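In what follows, a single structure is set out as structure tokens and then discussed.
2 protein chains.
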Amino acid sequence: MSKESDIRNAIWQLAFQFKVSSKKAIRQYGLPLNGMHVRILHMIGATPACTANRIVLASGRDKAQITRLLKELEGMSLIQRAPNPDDKRSQIVSLSGKGEALMARAREAEQDVVTRLLRGMKKDEIDTFVGLAGRMLDNLREE
Amino acid sequence: MSKESDIRNAIWQLAFQFKVSSKKAIRQYGLPLNGMHVRILHMIGATPACTANRIVLASGRDKAQITRLLKELEGMSLIQRAPNPDDKRSQIVSLSGKGEALMARAREAEQDVVTRLLRGMKKDEIDTFVGLAGRMLDNLREE
DNA sequence: GAAATATGGTTGATATTGTCTACCAAACAT
DNA sequence: ATGTTTGGTAGACAATATCAACCATATTTC
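Encoded structure:
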């Protein structure tokens, strides 16, 4: 198997299995969230003055998709919106109290998966992996 | 940002961007294939006595999904089926002449993406990444 | 200051990928 | 011979992704 196949398979298989494991963990915790919900909630929690556009930029996803996801999260009362003082077109979204509580549980669920993922790995190996992944991502984005 | 967030983001963002770039390349080559089509065709090309079940096991995907994908590829005359001499329930699938030709083009398209992905990276860095990814994948599968 | 262009967000429509269940024929175990 | 498991298929639905068109607002240009 060529180098090309190796790297492609590695990324493809790892990402899929990781997603499946995370989804299973979220489900086992009884959380009413999908993968993208959790990802978006993490971003909202970690981003001051968070707007839909910032999530679009940070995630690389289509703005239509992000708009829909935010609507679902709003419908579940996990986030709240406030007018953006700097731009009448947009709103600042933030986690609601319920959203915060739910995200705490989600973090636990995901922590379990990451612990399994990284078992037997040294800190510098993890850092190496993240660093290499970052460089590859940068390479792809240069276009 | 915690170690947990780092690794999760790294895998998530890299996999997505890689998929998007690959899809774009396939499209630019004018190939009538989706991501999963290309993946499956690769597997068929690389697997002697290939059955649906072997693809299910190798890819981790649902057998219903694999069945549908194979049907689509058959419909596009990219693969052909022959009775499995060892098991009357299953068929051996292989690339047709047309499938071989199309896969040659797909490999070119994907080669371009991998070349960009790996730009500025040494062979041992790539091997390290693939090795680390493999270990993580193994960790997740242990359950 | 008005007009043109770009941007943030929304909606509609559709495509692609994924998941779960039930079923049938065949293979395997008892 | 019977019961259980397996390979594959089909139905139904869920989740994720993409593209286009639109509106209100912001920015740029003249």
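These protein sequences, in sequence, are chains Y and R.
Residue numbers for the first sequence follow the working numbering, beginning at 1 and rising by one.
Residue numbers for the second sequence follow the working numbering, beginning at 1001 and rising by one.
Glycine included, every Cβ here is placed at the ideal spot set by N, Cα and C.
For clarity, every value in this text was computed on a predicted model and none was experimentally measured.
If contacts are defined as beta-carbon pairs under 8 Å, then residue i and residue j qualify, I think. What distance do you get, rounded to the angstrom?
i, j, result
"THR1047(R)", "ARG1054(R)", "6 Å"
"ILE26(Y)", "ALA109(Y)", "5 Å"
"HIS1037(R)", "LEU1069(R)", "7 Å"
"LYS1148(R)", "ILE126(Y)", "Any answer about residue 1148(R) is impossible in this case: the structure gives chain R only from 1001 up to 1143."
"GLY1099(R)", "LEU1041(R)", "6 Å"
"ALA1058(R)", "ILE11(Y)", "Not confirmed; about 15 Å, so no contact."
"THR128(Y)", "LEU1095(R)", "Going by Cβ atoms, the distance from THR128(Y) to LEU1095(R) rounds to 37 Å, so no, they are not a contact pair."
"ARG81(Y)", "GLU74(Y)", "7 Å"
DSSP has residue i in a bridge; who is on the other side?
i, result
"GLU1020(R)", "One point to set straight first is that residue 1020(R) is Val, not Glu, in the sequence displayed. For VAL1020(R), which the question treats as bridged, DSSP gives no partner whatsoever."
"LEU1095(R)", "ILE1079(R)"
Give me, in chain order, the residues of the same chain whose beta-carbon lies closer than 7 Å to that of residue i; leave out the 5 immediate sequence neighbours on both sides.
i, result
"PRO1083(R)", "GLN1091"
"LYS1023(R)", "GLY1035"
"LEU1102(R)", "LEU1031 and LEU1078"
"ALA1049(R)", "ILE1092"
"GLN1065(R)", "none"
"GLN13(Y)", "none"
With 16 as the cutoff for other CB atoms within 10 Å, does residue i come out buried or exposed?
i, result
"THR115(Y)", "exposed"
"GLY120(Y)", "exposed"
"THR67(Y)", "exposed"
Could you tell me which of the options sits nearest to residue i, measuring between CA atoms?
i, options, result
"ASN9(Y)", "GLU1004(R), MET1136(R) and VAL1130(R)", "VAL1130(R)"
"ASP1138(R)", "LYS1098(R), ALA1052(R) and GLY1060(R)", "GLY1060(R)"
"MET1076(R)", "ALA1058(R), LYS1063(R), GLY1097(R) and ASP1062(R)", "GLY1097(R)"
"SER5(Y)", "ASP1006(R), ARG1081(R), ASP1112(R) and LEU1033(R)", "ASP1112(R)"
Excluding sequence positions up to five away, which residues of its chain have a Cβ less than 6 Å from the Cβ of residue i?
i, result
"TYR29(Y)", "ARG105 and ALA109"
"ASP124(Y)", "none"
"ASP1087(R)", "none"
"PRO1085(R)", "none"
"ILE1007(R)", "none"
Identify, in the order they occur along the chain, each residue of the same chain with its Cβ nearer than 8 Å to the Cβ of residue i, setting aside the five sequence neighbours on each side.
i, result
"LEU1117(R)", "PHE1018 and SER1021"
"LYS1063(R)", "ALA1052, ASN1053 and VAL1056"
"LEU33(Y)", "ILE26, LEU41, LEU102 and ALA106"
"ARG1141(R)", "none"
"MET136(Y)", "none"
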